[in-house]
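Single-structure report; data block below.
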Amino acid sequence: MGAVQELPHGCPLPAAGSARSWAASPASGAGDPELSWVSTTELLDLSEYLEGGEIILTTGLTLGAEDPRWRDFVAILSRARVAGIGFGIGVNHERIPAPLIRAASVYRVALFEVPLPVPFIAVSKAIAELMRADELRAARGALRAQQRLLDRSRGDQDPAEVLSNIAQVTGRQLALLGSDNTVLASTGGFASVRDSVSTEYISLDAEGALRLAVVGDAPLSPEGRSVIAAGSMVLGMGLRGDRLEETRERERWERFTAGLLSGAERPQSLAILNPTLQLPERVRAVAVQGTAEDISAWRHRPRSGLDRLIAASQDPPRAPGIALAWQLCTDSDSAVEVALKVAATHHLDVVVGRSAPVSSAALSYRSASTRLRSLSLTAPYTPHPASPW
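Positions in the sequence shown are counted from 1; adding 66 to them yields our numbering.
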């Protein structure tokens with residue numbers, strides 16, 4: 067509730083960065099505007115000149131002590147989300163007008179008294195000093211958070227811990243997404259808000275296969291941005307990891323996928339590679355064709371989850387310089403669409419096989435193989451995939 071608090075002579079403002087702390091309650095509450103500026107005025111309508119968070123200093127020059135327009139004056143400032151009103155007494159009014167006090171209470175706008183001989187410029191300087199102190203505290207806090215994150219980059223990375231450190235500084239809910247959009251790690255509240263609040267995605271590698279999802283509507287402060295940038299670097303370095311182990315892991319997944327496509331491997335063998343993953347009931351075989359360089363780049367892009375179900379072709383090249391590879395994806399429109407988009411970014415032609423049970427993935431493989439002849443060998447990239455849907 068708005069209330070009156072007299073500033074002592076010499077104008078030492080309370081050591082808090084919120085105008086609400088100058089009113090009846092001792093601290094700002096949820097949803098209170100952050101202090102942004104100080105403005106001195108005698109205008110009755112400032113709506114076109116305010117952005118929110120301002121302290122408005124006035125002596126009430128244009129209104130009498132009982133003028134009913136005090137209510138309109140405060141209502142306009144409330145809609146503009148000002149941080150508070152400072153009323154200078156002893157110039158045009160000996161005390162704060164009663165209608166102004168009532169209006170401040172109704173609209174819950176902080177109201178404080180500036181007595182003579184305190185000049186408004188002294189109030190402005192004191193508030194500016196508070197704002198600088200707040201900015202320094204925020205900058206120091208962000209720097210400490212960045213140092214903690216970067217120190218972690220020297221050892222083993224725990225993505226969940228990195229996300230937690232970012233969340234503590236920014237107040238955001240975050241998640242680390244793999245190449246197939248699976249959540250690899252997240253903060254506790256991410257799942258409950260991801261569909262109801264806007265989400266920003268930050269790529270952690272050149273291919274965009276690993277992404278950081280940041281959920282929140284309010285603009286981030288520069289300090290929050292710097293912490294997210296530091297955290298993104300740490301996550302990117304940690305998740306790329308050791309290249310030799312990545313190569314070995316990719317080779318294991320490629321052998322497994324080749325076995326599924328040929329019918330020589332049982333789906334249950336996935337438990338050896340990753341006991342926590344489950345294959346979908348139905349799959350589609352996707353053949354990708356292009357230059358040897360583009361196929362190699364497609365095979366070596368960072369992958370996670372079931373997106374790793376890829377394999378090199380065991381058949382001889384259809385033409386010099388033309389290579390072929392395979393992928394098994396879930397039989398769903400969204401999964402196939404992702405596979406097509408990734409292939410397009412690598413300038414690859416695509417053939418999509420018919421849907422088949424995962425235990426009979428060879429059926430989808432054979433249906434796609436019969437359509438490979440439809441792909442051009444002289445113009446190896448076309449915008450639309452051949453698909454025996």
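No residue lacks a Cβ here, since even glycine has one placed at the ideal position from N, Cα and C.
As the structure is a prediction and not an experimental result, all values here were calculated from the model.
Nearest candidate by alpha-carbon position, reference residue i, set the options
i      : options                           : result
Arg260 : Arg437, Ile232 and Val281         : Val281
Met299 : Val228, Lys191, Ile142 and Leu112 : Val228
Thr248 : Ser262, Ala401 and Gly237         : Ala401
Arg384 : Ala296, His366, Arg174 and Ala358 : Ala358
Asp415 : Ser426, Ser440 and Tyr431         : Ser440
Val263 : Ala275, Glu320, Pro341 and Ala284 : Ala284
Ser426 : Ser190, Tyr173, Val349 and Ile338 : Val349
Asp224 : Glu403, Phe139 and Gly297         : Gly297
Gly255 : Leu301, Leu339 and Arg238         : Arg238
Glu317 : His413, Leu339 and Ala405         : Leu339
Tyr431 : Ala405, Glu403, Val404 and Trp392 : Trp392
Leu301 : Leu438, Ala226, Ala194 and Ala188 : Ala226
Ser245 : Glu108, Ser287 and His366         : His366
Pro183 : Pro341, Gly154 and Ser190         : Gly154
Same chain only: Cβ atoms within 7 Å of residue i, ignoring 5 sequence neighbours per side
i      : result
Glu72  : Residue placement at Glu72 is flagged as unreliable, the pLDDT there being 39, under the threshold of 50; the coordinate-derived value follows with that caveat. So the list reads Glu179 and Pro181, once near-sequence residues are dropped.
Arg220 : Bear in mind that the predicted position of Arg220 carries a pLDDT of just 48, short of 50, making it too unreliable to give a figure here.
Leu116 : Ala146 and Val148
Contact under 8 Å by Cβ, residue i with residue j
i      : j      : result
Ser370 : Leu250 : yes
Val352 : Cys395 : yes
Arg145 : Ala169 : no
Asp399 : Pro346 : no
Ala377 : Thr313 : no
Pro185 : Pro165 : no
Ser105 : Gly119 : no
Leu143 : Leu110 : no
Ala275 : Leu240 : no
Ala192 : Pro163 : no
Leu123 : Gly152 : yes
Asp271 : Pro382 : no
Val404 : Pro333 : no
Ile121 : Gly150 : yes
In DSSP terms, what residue i is bridged to
i      : result
Val280 : Leu240 and Glu266
Ile121 : Val104 and Gly150
Ala391 : Val354 and Ala378
Thr396 : Val349
Pro423 : Arg348
Ser252 : Ala241
Asp415 : Gln355
Nonlocal neighbours in the same chain, by C-beta distance under 6 Å from residue i, ignoring five residues either side
i      : result
Leu429 : Ala422
Arg277 : Leu243, Tyr267 and Ser269
Arg374 : Trp319
Pro92  : Low confidence applies to Pro92: its pLDDT is 32, below 50, so where it sits in the model is not reliable, and the reading given next is rough at best. Closer than 6 Å at Cβ, skipping near neighbours: no residue.
Leu390 : Gln355 and Ser379
Val140 : Ala169, Ala170, Tyr173 and Val175
Arg291 : none
Glu100 : Gly119
Ala82  : Reliability fails at Ala82, whose pLDDT of 32 lies under 50, so the model's placement of it is uncertain and the value that follows must be treated cautiously. Hits under 6 Å: none found.
Residues near residue i by beta carbon distance below 8 Å, same chain, minus five either side
i      : result
Pro74  : Residue confidence is low: Pro74 scores 36 on pLDDT, short of 50, so the model does not pin down where it sits. Its coordinate-derived value is still stated next. If we look at Pro74 and ignore the five residues flanking it on each side, it has no Cβ neighbours.
Leu343 : Leu336, Gly371 and Leu372
Leu443 : Arg384, Ala385 and Ile388
Trp455 : Because Trp455 carries a pLDDT of 48, less than 50, the predicted location of this residue cannot be relied on, and the following value inherits that uncertainty. Val418 and Arg420, listed in sequence order.
Any chain D beta carbon closer than 8 Å to residue i
i      : result
Thr323 : Going by chain labels, chain D is absent from the structure shown, which holds only one protein chain.
Across the region 227-234 and the region 358-369, are there enough close Cβ pairs to call them in contact, namely three or more that are closer than 8 Å?
no
Hey, is the region 116-129 in contact with the region 153-167, meaning 3+ C-beta pairs nearer than 8 Å?
yes
Just checking, does the region 402-410 make contact with the region 312-331 on the three C-beta pairs under 8 Å criterion?
no
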